[in-house]
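Let me begin by presenting the structure, written as structure tokens, before commenting on it.
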Amino acid sequence: MNYLIPLMVIFPIFAALLINLFGKHNKTIKILSFIVAIILPLITLFASYGLHFFGGHKPLIDTNITGLPTYITSTNLYSMHPAITYSFTPLTKVFIFIMCIIVFLSVFSYLTSEKKASGSFLFLVFMGTAAVSAMILSDDLFNMYVFFEIAALVQTGIVIASKAEDNYETALKYMILGSIGGPMLLLGITILLAITGSVNITDIAIIISTVLIKSPISKAVVLFSFALILFGWLYASGFPPFHVIKSSLYSKSESYGSSILQAMSLLTLVAFLIAMARMFYLINIFNGAILIVSIIAMILGVSMAVMQTDFRRMIAYLSVGELGFVGLGFGLGTKFSMTAGLFQGINEMIVTALLFLGLGSVVYLTNTSNIRKLGGLISKSESMAIMVLLGGFAMAGVPPFNGFRSKFMIIHAALLAGYPEVAVIAILISIATFFVFVKALHGIYLKPQPNDLEFVHDSIPKSVIFSVAVLTIMCLILGLYPEIVTVPISQALGGLII
Amino acid sequence: MMISTQLLCLFAAGALIIIGLFAAIFIDNIIKKVVGLSFIEEGVNLFIICLTYKEGGIVPILAPGMNVNWFAQNAAYPLPQALVLTSIVIGASTLAVILALTMFLYKKYGSLSAHEILNNKYDMGDEE
Amino acid sequence: MSYYDDFLNFIKERYSKKHMTNENVSGAIASELIVISSLLITALLLRHISVLLTGIVIIILIMLIVSNLPLSIKLFDEQDDSLDKMMFYTVITLGIIVSLIYWSGF
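This is the structure in structure tokens:
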């Protein structure tokens, strides 16, 4: 048993509580959160793969207990997981590690560019990290639901903690919509609990694929629960009809907050997508449903991004639209396409964090995010402008960046799977993404500077430039050596999906 | 025909969820809307409790000297009861955050109408 | 160029109180093209179910698109930040997802 696995969740929660306790002491929480942010990725790096059973309750099949009656050994009871199980695989390692890096860079930029650090904001950040790590580690649906609600509360909290206009209204709207999305997800989970008697994903997957799928009556119940879980997943990941509120949420928080928020949504999306794929893989409409939802998300997200004049909103809609690619990979239903989708998820997380942090520096300088009032900012910081441009290239899929690799893989997978239409749509959406970037970059950096543009700060903090540079280098490395990520992902996927 | 208690409970849960969805769309006052939305949450909780209901069932604690087979047939399933507690706590904390935000917005706008407070349009970037 | 003029007039009418720049217009036109092209291509996915159905759906779709131009502005208006609209679409989506998946899964 590896004790570092639960520590990935327990440590950030503990750190969050500690930081909240010292909320008044500015220097203490700054040092404390910096140390915590460094330790977080290290834990992920040093933990070894395996399962962790909370309370040590292994399935009976793994224990040395002998002499059990046959009505236990001959049924599913023998292999049932009685404890909350965390499984740490190469896939979860990659996702949690990248999330922790983004948290570190965002927290680092936050600590150095704000004079007074807010204890409650840092509390929320670490709580959110713990919640999404738990979600992607957990093999237990109810545990995932609990952390899903915590993540929703944390996202609301991060928006409330920002200084943007109308942030309370947006937070309230998100919560109100969440009180439909959350219970529906729970209802789906409890229906599965009612027909399988377990909330463990592995158990449910085995029972559904061996028993329930065969009879039409029980299949109807499974379909109903799939529909409800799909709806909850839409809320968690910000697919339509929740793309409006999700993008509004990103644009109403500080740039450090948004970069963490989008990483949290992405991990939630991936965690539930893998869980759904494992449980409902054999249902004939699973792939179709995910495919259609993803395509609609891509079309609506990108077409809305094109029409925005607020660049934060633009990036927010783009990130929602690009999330569609992750779903696309799962919708195509082959192992290669799923690997491509998850790889795209990782790239998306890095690139969107880069853009939120990089363009957040524009808000830091001028206190506005309206493209019409901006212009000529390339004179303020050339390096930042170039890095944001490279980030835009990475998101739109220009070689040699990571976005190119993953999008190319997805398009290739679509052609191999016999869906050339999907490949065409993916290319169209990439072109539109590029269009949005050209528009935003021209508006912010290249067009002549308006006379009435006032600067709040004179220069961008070095730490923000450092963070964005690290993210750009990560984009480049993943673009040149995609095997670092794709090999562990495809290894882990082979064991996960039955 | 005698309707079983479990079926009755399930119908009540369904009714609560549908009332909640109705309130979510048609009621304008935020407090009333939120109360309606908490109906959905409570409906789901009621559904979870119903799952474990067993006519003439016993508490799932195996006392010494109890026949194991008899116990297995009569004991209620304890897992959903444990889950519903967590679910209630989550619902309560979500409700608390929503109500706190509502309170703040009431102080800001002096109104509780969702139509007035929460319907701000996009700015196309040209307020002035 | 008459479609462009129609489009411009429509946007001007809609946003007459605010000042407009070519950014809005280029954005709206790009969005229009993306929506139309990707909707039509998405409809092609139906050929995996039935070719005849695809033909019918595409003809209906083209008629709907032509009669509802410009789409992007209308879509934009539907997806604003108001809670009423979001809630409406949320509940509608819940209904569509549950009923479609429930009935089409057999």
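Residue numbers (the numbering used here), protein chains in the order written: chain V, 508 to 1005; chain Z, 27 to 154; chain U, 539 to 644. Note that CB positions come from ideal geometry on N, CA and C, so glycine has one too.
Check: Report the option in V:Ile538, V:Ser616, V:Phe595 whose CA atom is closest to the CA atom of Ile643 (chain V).; Outcome: V:Phe595
Check: Val61 (chain Z) touches chain V at which residues, Cβ-Cβ below 9 Å?; Outcome: The contacting residues do not exist; Val61 (chain Z) stays about 11 Å from chain V at best.
Check: Would you please verify whether the beta carbon of Glu67 (chain Z) is less than 7 Å from any beta carbon of chain V?; Outcome: yes
Check: Kindly list, in the order they appear in chain V, the residues whose Cβ is closer than 7 Å to that of Ser113 (chain Z).; Outcome: Leu693
Check: What residue from V:Gly828, V:Phe962, V:Gly904 has the CA that sits closest to Leu881 (chain V)'s CA?; Outcome: V:Phe962
Check: Tell me, please, whether the CB atom of Leu730 (chain V) is closer than 7 Å to any CB atom in chain B?; Outcome: Looking at the structure shown, chain B is missing, and the protein chains on hand are V, Z and U.
Check: Could you name the residues that DSSP lists as bridge partners for Thr592 (chain V)?; Outcome: V:Phe560
Check: Determine, for Gly986 (chain V), whether the minimum Cβ-Cβ distance to residues of chain U falls below 7 Å.; Outcome: no
Check: Am I right that Thr619 (chain V) and Leu547 (chain V) are in contact with their C-beta atoms under 8 Å? What's the rounded C-beta distance?; Outcome: The pair is not a contact, with the Cβ atoms about 18 Å apart (cut-off 8 Å).
Check: First and last residue of the alpha helix (DSSP H) that includes Thr816 (chain V)?; Outcome: Per DSSP, Thr816 (chain V) belongs to no alpha helix (DSSP H) and is neither H nor E.
Check: Roughly how many whole angstroms lie between the Cα atoms of Phe749 (chain V) and Phe626 (chain U)?; Outcome: 11 Å
Check: Classify Asn547 (chain U): buried if its beta carbon has 16 or more other beta carbons within 10 angstroms, exposed otherwise.; Outcome: exposed
Check: Against Phe837 (chain V), what residues of chain U qualify as contacts under a CB-to-CB distance less than 7 Å, listed in chain order?; Outcome: In chain order: nothing, as chain U lies at least about 16 Å away.
Check: Spatial neighbours of Ala823 (chain V) within its chain, please: C-beta separation below 6 Å, excluding the five flanking residues on both sides.; Outcome: Ser754, Tyr757, Ser758
Check: Does the CB of Met601 (chain U) have a neighbour CB from chain Z at under 7 Å?; Outcome: no
Check: Cβ atoms of Ala903 (chain V) and Ser937 (chain V): under 7 Å apart, would you say?; Outcome: yes
Check: So, helix, strand or coil for Gly151 (chain Z), using DSSP?; Outcome: For Gly151 (chain Z), the predicted model reports a pLDDT of 46, less than 50, meaning its position is unreliable; a value from the coordinates is still stated below. Residue state, collapsed to three classes: coil.
Check: If you count every other CB in all the chains shown that lies within 10 Å of the CB of Leu735 (chain V), and 16 or more means buried, which is it?; Outcome: buried
Check: Please report whether the beta-carbon of Leu36 (chain Z) lies at a distance below 7 Å from any beta-carbon of chain U.; Outcome: no
Check: Rounded to a whole number of angstroms, what is the C-alpha to C-alpha distance between Tyr510 (chain V) and Leu621 (chain U)?; Outcome: 45 Å
Check: So Met811 (chain V) contacts chain U; which residues on that side make the cut at Cβ distance below 8 Å?; Outcome: Ser569, Leu613, Phe614, Gln617
Check: Among the candidates V:Leu693, V:Ser613, V:Ile711, whose CA atom is the shortest distance from the CA of Met587 (chain V)?; Outcome: V:Ile711
Check: Work out the CA separation of Leu598 (chain V) and Gln998 (chain V) for me, nearest whole Å.; Outcome: 8 Å
Check: Going by DSSP in three states, Ala924 (chain V) sits in which element: helix, strand or coil?; Outcome: coil
Check: Straight-line CA distance for Ile687 (chain V) to Thr628 (chain U)?; Outcome: 8 Å
Check: Using a Cβ-Cβ cut-off of less than 9 Å, give me the residues of the region 729 to 754 of chain V that come near chain U, in sequence order.; Outcome: Val729, Leu730, Phe731, Phe733, Ala734, Leu735, Leu737, Phe738, Leu741, Tyr742, Pro747, Pro748, Phe749, His750, Val751, Ile752
Check: Under the three-state reduction of DSSP, which class applies to Ser139 (chain Z): helix, strand or coil?; Outcome: strand
Check: Does the beta carbon of Val110 (chain Z) come closer than 7 Å to any beta carbon on chain V?; Outcome: no
Check: Note down, in chain order, every chain U residue with its Cβ under 7 Å from the Cβ of Ala50 (chain Z).; Outcome: Met625, Val629
Check: Please determine if the region 604 to 617 of chain U and the region 563 to 571 of chain U are in contact, where contact requires at least 3 C-beta pairs separated by less than 8 Å.; Outcome: yes
Check: What's the call for Val994 (chain V), buried or exposed, on a 16-neighbour Cβ count within 10 Å?; Outcome: exposed
Check: Between which two residues does the alpha helix (DSSP H) holding Pro690 (chain V) run?; Outcome: 674 to 703
Check: Does chain U have any CB closer than 7 Å to the CB of Leu47 (chain Z)?; Outcome: yes
Check: Asp569 (chain V): buried (16+ other C-beta within 10 angstroms of its C-beta) or exposed?; Outcome: exposed
Check: Does the beta carbon of Pro690 (chain V) come closer than 7 Å to any beta carbon on chain Z?; Outcome: yes
Check: Compute the beta-carbon to beta-carbon distance between Thr592 (chain V) and Leu539 (chain V), rounded to the nearest angstrom, for a pair I have assumed lies under 8 Å.; Outcome: Not a contact, Cβ separation roughly 31 Å.
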